[in-house]
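Worksheet for the structure shown next.
There are 2 protein chains.
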Amino acid sequence: MDARSKTPPTSITEVTLDVLEDTLSFYIRTMNIAVSRDLDDKLEGLDVAKGTGKITTLLLVDSHPGIRPSIIAELILRDRSATGRLMEQMEDHGLITRRQSSTDSRVQELYITEKGAALAARIRPLVTEQSRDFFKFISPEEQQQLMDILKRAYRRIVGLP
Amino acid sequence: MDARSKTPPTSITEVTLDVLEDTLSFYIRTMNIAVSRDLDDKLEGLDVAKGTGKITTLLLVDSHPGIRPSIIAELILRDRSATGRLMEQMEDHGLITRRQSSTDSRVQELYITEKGAALAARIRPLVTEQSRDFFKFISPEEQQQLMDILKRAYRRIVGLP
DNA sequence: GAAATATAGTTGCAAATGTCCACTATCTGG
DNA sequence: CCAGATAGTGGACATTTGCAACTATATTTC
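Residue numbers (the UniProt record's numbering), protein chains in the order written: chain A, 1 to 161; chain B, 1 to 161.
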């Protein structure tokens, strides 16, 4: 419950968020929407639209030639099936190629294409910049704090040391 | 680019995230997946499944009787159309009711039903608890820090003072 | 007071995403 | 050599969200 007034609120400023006001999950979930939207705008038309999936994959394949889908799946927190489709999509776009591993024929090795590499090079600064700009109203120290904490959380969740 | 070894990585521990390693957006987006999934599990079967939308709406309507959809839309960062459907859904589930405002007939006033109120009461502690538990591996002080920063960001984005 | 502009909500359409599950192929360990 | 794990695929499906167009009603402006 909350401070209830007789008349319904007519502006967001008259509203409190109930328990969500102090709920970390709420802010993470909501900020996600905002950040993602902003990122999409900044990357508009870049073949790597919506979703952390594509960006992460592109960069990962670029910097770890031969990486396999299942590893990417773990890192982006999706199941193999979703990840597979993502790979397919990126292959269709000519960004990566898939090759069967010679040592274990169940696994695929992913490699970046020229086009993919070019895109990766182009995207890297954009992604960094977007993040910096988006959060520029909080101090660099706080950004760092925030990131340290979230990084720790992330690593713990995906099972990194 | 990144430390590249000749052989492809076979475990996530051998992988670095390229520039994403230091990109706040990446962590927000990824943590969002994790938190949301966890929350869904905790709330399973509770008529308020997937999405911040439903929870926020329920609590908001419960603590601000007569609140209108457009305000909720702003707070949950969705457009009116998506929000409208959300309201419809919740009405179908018997959680809220919609009534035309007597002072401005364009506007709807939302009210909680008994069922909705009961659910809100039940959910409040769950949501709080979920958030606390999910982040329990980071210290309370840091959780607080994190929340303060994100709260500030959120308020700025939706345009709250 | 009439016209122009803004706001609230609805609806159709479409696209994209993610999930569950079952299935095949292949590896590894006992 | 068999049992059980792991990698990838494909199907079916539900869900969500966004855009754009449209109506109704308020508000502002001249």
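Beta carbons: idealized from backbone N, C-alpha and C, even for Gly. It should be emphasised that the depicted structure is a prediction, and the values quoted were computed from it without experimental measurement.
Contacts around residue i, its chain only, beta-carbon distance under 8 Å, and the 5 residues preceding and following it disregarded
i: F26(A); result: L17 and L20
i: T13(B); result: none
i: G159(A); result: E74
Distance cut-off 7 Å: residue i Cβ against heavy atoms of the ligand FAD
i: K151(A); result: Absence of the ligand FAD from the depicted structure is noted, as is the absence of any ligand whatsoever, leaving it without description.
Spatial distance of residue i from residue j (CA atoms)
i: L146(B); j: A121(B); result: 26 Å
i: L95(A); j: L60(B); result: 45 Å
i: P161(A); j: M90(B); result: 42 Å
i: V48(B); j: I76(B); result: 15 Å
i: I138(A); j: G66(B); result: 35 Å
i: P8(A); j: R155(B); result: 21 Å
i: L46(B); j: T52(B); result: 14 Å
i: P125(A); j: K151(A); result: 20 Å
i: D79(B); j: D92(B); result: 20 Å
i: T128(A); j: R106(B); result: 43 Å
i: A3(B); j: T56(A); result: Legend: pLDDT at A3(B) = 48, less than 50; position of this residue unreliable, no value from coordinates given.
i: T83(B); j: S70(B); result: 8 Å
i: L119(B); j: R37(A); result: 31 Å
i: I157(A); j: A73(A); result: 13 Å
i: R68(B); j: V15(B); result: 48 Å
i: L58(A); j: V35(A); result: 19 Å
i: Y33(A); j: Q108(B); result: The question names Tyr, but residue 33(A) in the sequence shown is Ile. Cα to Cα, the separation comes out at about 26 Å.
i: E142(A); j: I149(B); result: 7 Å
i: T23(B); j: D104(B); result: 46 Å
i: D62(B); j: P140(B); result: 29 Å
i: T10(B); j: E88(A); result: 20 Å
i: I28(A); j: L86(A); result: 25 Å
i: A153(B); j: A153(A); result: 19 Å
i: Q144(A); j: L110(A); result: 32 Å
i: S81(B); j: I123(B); result: 26 Å
Neighbouring residues, chain B, relative to residue i (Cβ below 7 Å)
i: K115(A); result: Residues of chain B passing the Cβ test: none, with the nearest at roughly 17 Å.
i: K151(A); result: Y27
i: T23(A); result: V127, T128 and S131
i: P161(A); result: T13
i: Q143(A); result: L24
i: I138(A); result: I149, R152 and A153
i: I112(A); result: By Cβ distance, chain B contributes nothing, its closest Cβ being about 11 Å from I112(A), past 7 Å.
Residue i: contacting residues in chain A (beta-carbon distance under 7 Å)
i: M31(B); result: I28, L150, A153 and Y154
i: R124(B); result: V19
i: E109(B); result: P8
i: S36(B); result: R29
Residues of its chain near residue i, where Cβ-Cβ distance is below 6 Å and the 5 sequence neighbours each way are ignored
i: M31(B); result: none
i: R54(B); result: The sequence given here places Lys at residue 54(B); Arg does not occur at that position. Only V48 meet the Cβ criterion.
i: H64(A); result: none
Sequence-distant residues of its chain with Cβ nearer than 7 Å to residue i (five each side left out)
i: M1(B); result: Because the pLDDT at M1(B) is just 45, under 50, the model does not fix this residue reliably, and the value given afterwards should be weighed accordingly. Closer than 7 Å at Cβ, skipping near neighbours: no residue.
i: K50(A); result: D40
Proximal residues of chain A, C-beta to C-beta of residue i below 8 Å
i: L75(B); result: I12, V15 and L17
i: I71(B); result: P9, T10, S11, I12 and V15
Where residue i meets chain B, residues with beta-carbon distance less than 9 Å
i: M147(A); result: D22, T23, L24 and Y27
i: L39(A); result: S25 and R29
*State whether the stretch 82-101 of chain A contacts the stretch 102-118 of chain B, with contact taken as three or more CB pairs (one from each stretch) at a distance under 8 Å.*
no
*Is the stretch 35-43 of chain A in contact with the stretch 116-135 of chain A, if contact means three or more CB pairs nearer than 8 Å?*
When Cβ pairs closer than 8 Å are counted between the two stretches, the stretch 35-43 of chain A is seen to touch the stretch 116-135 of chain A, the count reaching three or more.
_chain B contacts from the stretch 56-67 of chain A (Cβ-Cβ distance under 8 Å)_ = T56, L59, L60, D62, S63, H64, P65, G66 and I67
*Taking any Cβ of chain B, which residues in the stretch 95-106 of chain A have a Cβ under 7 Å from it, in chain order?*
Against chain B - using a Cβ distance shorter than 7 Å - the stretch 95-106 of chain A contributes no residues.
*Give the residues from the stretch 42-57 of chain A that approach chain B closer than 9 Å (Cβ to any Cβ), ordered along the chain.*
G51, T52, I55 and T56
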